[in-house]
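Residue numbers (mature numbering (1 follows the signal peptide of the UniProt record, and there is no 0)): -24 to -1, 1 to 471.
Here a beta-carbon is modelled for each residue, glycine too, at the ideal position from N, C-alpha and C.
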Ligand SMILES: *[C@@H]1O[C@H](CO)[C@@H](O)[C@H](O)[C@H]1NC(C)=O
């Protein structure tokens, strides 16, 4: 009886030991289930928590209609029938993998000019706070050729009515992806005001080192963030990863500040300026024994005709076995001649026909005589124009202080349609942008990663792979067997 109790208690211990194991197995299942639970009810439209100048999550169609203005302008300098900004914009959910209730602004049409813009809640002045611009782009059809950048529209007498938004509308910053063929770009262009004469010039940021091709083809949402600071430094991130950092004063072409000195455009190279570094020595004379007529190659004078050379045997002979065909007509075909074959007599001989010695390089060969080169006594060096002070010189130490911005817009042309924009934020606080992304882009990213993981776990499930359960099965078999063995041993002892 004693042995039975022991067996029972052993089984109880076994079950206790197993329970964490089975809990782990259940937890794994939970992980899979939460994906479906989290979506769609967990998403609420993101709201900026802190100071901001513009925020648009595109989830409220009424607010969108109130705040955004379709361009009624025409593009200048092109044919009338394609000049209109007649691209179609729609507020709708993404085609794939959206969060429930999350809508975006979608450019529905392709090969059309499209422009839409919205007034900022608050004008941004480039003073002592950084500018942070952040938005999402989802190229639902990939991108063949076209842009998905935005423009931060400058405060200007011409930008009061957004219905006139077009390609020449003054902006302060243009930022975002653009691609055509194999040219993948992430634009960051700012318009710099020349302090001397008030004209504007576009300054283009140099390319990131890394090629950014994936966002143009993976059909997944990507988050673009630009931060420009009052100390003229800037930072561009894609999906929170910094892809480019630098300074407005150093990483742009043309450079913000022109050079202090330039070549004098009026200085001309004098006609008699001697730029020839070396000349043939005028004092050199051709040596008397220099024979310019000696040939480059001569027959080898030391060569002798090999033994057994057959001077009078030709290389080829008429085939003695050939016969004139029956249908040969001498009148029509001319006289018949046997075809030539290699002369069999030559096969064993050193050679046949007229022997001539092989050619060798002529040791007497000199070629045309040329005087050796010597330094030109009249050499004046390479001519360079004189340097003068640049009349257009200025030094702007704070290009960050751009023209204030009062609106944001998309002015695009694309060969691929269904470009979805979402969660556009303009603020002076990077932490507000990070929190806004956490409530929007990061959720989408998490959902995509989880569904990728779920696909993987479904594969494992279909293979019946459950590490927790396998451990459980193993122990359930192992425990009774070892208990039984132990029980038998006890019985043998007791008897
Ligand atoms: C202003 O200065 C720039 C740079 O020197 C020059 O290229 C441009 O032609 C000038 N524009 C006017 C209107 O003077």
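Would you mind stating whether residue 409 and residue 201 have Cβ atoms separated by less than 8 Å? For the purposes of this step, residue 409 is taken as residue 433 along the chain shown, with counting starting at 1. For the purposes of this step, residue 201 is taken as residue 225 along the chain shown, with counting starting at 1. In contact: residue 409 and residue 201 (Cβ atoms closer than 8 Å).
How about residue 385 and residue 90: do their beta carbons lie closer than 8 Å? As a first step, residue 385 must be located in the chain shown, where it is residue number 409. As a first step, residue 90 must be located in the chain shown, where it is residue number 114. It is not a contact, given that the beta carbons lie outside the stated cut-off.
May I ask which residues mark the beginning and end of the beta strand (DSSP E) holding residue 97? Numbered from its first residue, the chain shown carries residue 97 at position 121. For residue 97, the enclosing beta strand (DSSP E) stretches over residues 89 to 100.
Residue environment, residue 399, which counts as buried when at least 16 other CB atoms sit within 10 Å: In the chain shown, counting from the first residue as 1, residue 399 sits at position 423. Looking at its Cβ environment, which holds 16 or more other Cβ atoms inside 10 Å, residue 399 is buried.
Excluding the 5 residues preceding and the 5 following residue 268 in the sequence, name in chain order all residues of the same chain whose CB lies nearer than 8 Å to its CB. Position 292 of the chain shown, counting from 1, holds the residue named residue 268. Within the same chain, residue 268 has close Cβ partners 342, 343, 344 and 345.
Using a Cβ distance threshold of 8 Å, determine whether the segment 306 to 318 contacts the segment 370 to 378, with at least three qualifying pairs required. no
State buried or exposed for residue 31, treating a residue as buried only when at least 16 other CB atoms are found within 10 Å of its CB. Within the chain shown, numbered from 1, the residue matching residue 31 stands at position 55. It is buried - the Cβ of residue 31 has at least 16 other Cβ atoms within 10 Å.
With DSSP run on the structure shown, which of helix, strand or coil describes residue 108? On the chain shown, residue 108 is found 132 positions in, with the first residue counted as 1. Looking at residue 108 - three-state DSSP - the assignment turns out to be strand.
So who's on the other strand from residue 285, going by DSSP bridges? One-based indexing of the chain shown puts residue 285 at position 309. Note: residue 285 sits in a beta bridge opposite 327.
In the DSSP output, which residue or residues are listed as bridge partners for residue 273? Sequence index remark: in the chain shown, residue 273 carries index 297 (1-based). Bridge partners of residue 273: 337.
Is it right to say residue 112 is buried, meaning 16 or more other beta carbons lie within 10 angstroms of its own, or is it exposed? To locate residue 112, count along the chain shown from 1; it is residue 136. Result: buried.
Which of the three DSSP states, helix, strand or coil, is assigned to residue 185? For the purposes of this step, residue 185 is identified with residue 209 of the chain shown, where counting begins at 1. In the structure shown, residue 185 sits in coil (DSSP, three-state: anything other than H, G, I, E or B).
Report buried or exposed for residue 145, applying the criterion of at least 16 other Cβ atoms within 10 angstroms of its Cβ. Sequence index remark: in the chain shown, residue 145 carries index 169 (1-based). Burial call: buried.
Look at the alpha carbon of residue 298 and the alpha carbon of residue 330, and state the distance between them as a whole number of angstroms. Counted from its first residue, the chain shown places residue 298 at position 322. Counted from its first residue, the chain shown places residue 330 at position 354. If you take the alpha carbons of residue 298 and residue 330, they lie about 27 Å apart.
Going by CA-CA distance only, name the one from 418, 179, 28 and 429 that's closest to residue 217. Looking up residue 217 in the chain shown gives position 241. The shortest Cα separation from residue 217 among 418, 179, 28 and 429 belongs to 418.
Across the segment 71 to 79 and the segment 164 to 176, are there enough close Cβ pairs to call them in contact, namely three or more that are closer than 8 Å? no
Just verifying my parser: in three-state terms, what is the DSSP assignment at residue 308? Against the chain shown, residue 308 aligns to sequence position 332. If DSSP states are grouped into helix, strand and coil, residue 308 belongs with the helices.
Okay, do the segment 189 to 196 and the segment 106 to 121 touch, 3+ Cβ pairs below 8 Å being the bar? yes
Taking only three categories from DSSP, how would you classify residue 342? Position 366 of the chain shown, counted from the start, is the residue given in the question as residue 342. DSSP places residue 342 in coil when its eight states are reduced to three.
Helix, strand or coil: how does DSSP classify residue 359 here? Along the chain shown, one-based indexing puts residue 359 at 383. Coil.
Looking only at its own chain, which residues have a Cβ that is under 8 Å from the Cβ of residue 206, when we skip the five neighbours before and after it? Sequence index remark: in the chain shown, residue 206 carries index 230 (1-based). Counting only Cβ-Cβ distances below 8 Å, and skipping sequence neighbours, we find 102, 103, 104, 105, 106, 374 and 376.
Would you list the residues sitting across from residue 130 in a DSSP beta bridge? Residue mapping note: residue 130 aligns to position 154 of the chain shown, counting from 1. In the DSSP output, where bridge partners are listed per residue, residue 130 has 381.
Ligand 1 heavy atoms versus the CB of residue 175: any closer than 7 Å? Position 199 of the chain shown, counted from the first residue, corresponds to residue 175. Yes, the beta carbon of residue 175 sits closer than 7 Å to at least one heavy atom of ligand 1.
Quick one: grab the DSSP three-state call for residue 82. Here residue 82 is taken as the residue at index 106 of the chain shown, counted from 1. Residue 82 falls in the strand class under three-state DSSP.
Residue 473 (DSSP reduced to helix, strand or coil): Residue 473 is absent from the model: the chain starts at -24 and stops at 471.
Taking the straight line between their C-alpha atoms, what separation do you get for residue 462 and residue 430? Locating residue 462 in the chain shown gives position 486, where the first residue counts as 1. Locating residue 430 in the chain shown gives position 454, where the first residue counts as 1. Computed Cα separation, rounded: 44 Å.
Whole beta strand (DSSP E) elements within the segment 387 to 468, 3-residue minimum: For the segment 387 to 468, whole beta strand (DSSP E) runs of length 3 or above, ordered along the chain, are 395 to 403.
For my contact list, residue 51 and residue 59 are in at a C-beta cut-off of 8 Å; report their separation, rounded to the angstrom. Walking along the chain shown from the start, residue 51 turns up at place 75. Walking along the chain shown from the start, residue 59 turns up at place 83. Confirmed, about 5 Å.
Any non-hydrogen atom of ligand 1 closer than 7 Å to residue 51 Cβ: As a working note, residue 51 is residue 75 in the chain shown. No, the beta carbon of residue 51 sits no closer than 7 Å to any heavy atom of ligand 1.
In chain order, what residues of the same chain have a beta carbon less than 7 Å from the beta carbon of residue 458, not counting five sequence neighbours either side? Here residue 458 refers to the residue found at position 482 of the chain shown. Counting only Cβ-Cβ distances below 7 Å, and skipping sequence neighbours, we find nothing.
Per DSSP, the bridge partner or partners of residue 351: Translated into positions along the chain shown, residue 351 becomes position 375. According to DSSP, residue 351 bridges with 254.
Expressed to the nearest angstrom, what Euclidean distance is found between the alpha-carbon atoms of residue 16 and residue 62? By one-based count along the chain shown, residue 16 stands at place 40. By one-based count along the chain shown, residue 62 stands at place 86. Only weak support exists for where residue 16 lies, its pLDDT of 44 falling under 50; the value from the coordinates is given anyway. Residue 16 and residue 62 have their C-alpha atoms roughly 34 Å apart.
Verify the contact flag: residue 368, CB atom, against every heavy atom of ligand 1, threshold strictly below 7 Å. The residue labelled residue 368 in the question sits at position 392 within the chain shown. Yes.
In whole angstroms, what is the alpha-carbon distance linking residue 484 and residue 318? For the chain, the structure presents residues -24 to 471; residue 484 sits outside this window and is missing.
Among residues of its own chain, excluding the 5 on either side of residue 142, which ones have a beta-carbon nearer than 8 Å to its beta-carbon? For this step, residue 142 is matched to residue 166 along the chain shown. Only 47, 49, 50, 51, 52, 61, 91 and 387 meet the Cβ criterion.
Near residue 98, which residues of its chain fall below 6 Å by C-beta distance, leaving aside the five closest residues on each side in sequence? Locating residue 98 in the chain shown gives position 122, where the first residue counts as 1. If we look at residue 98 and ignore the five residues flanking it on each side, its Cβ neighbours are 29.
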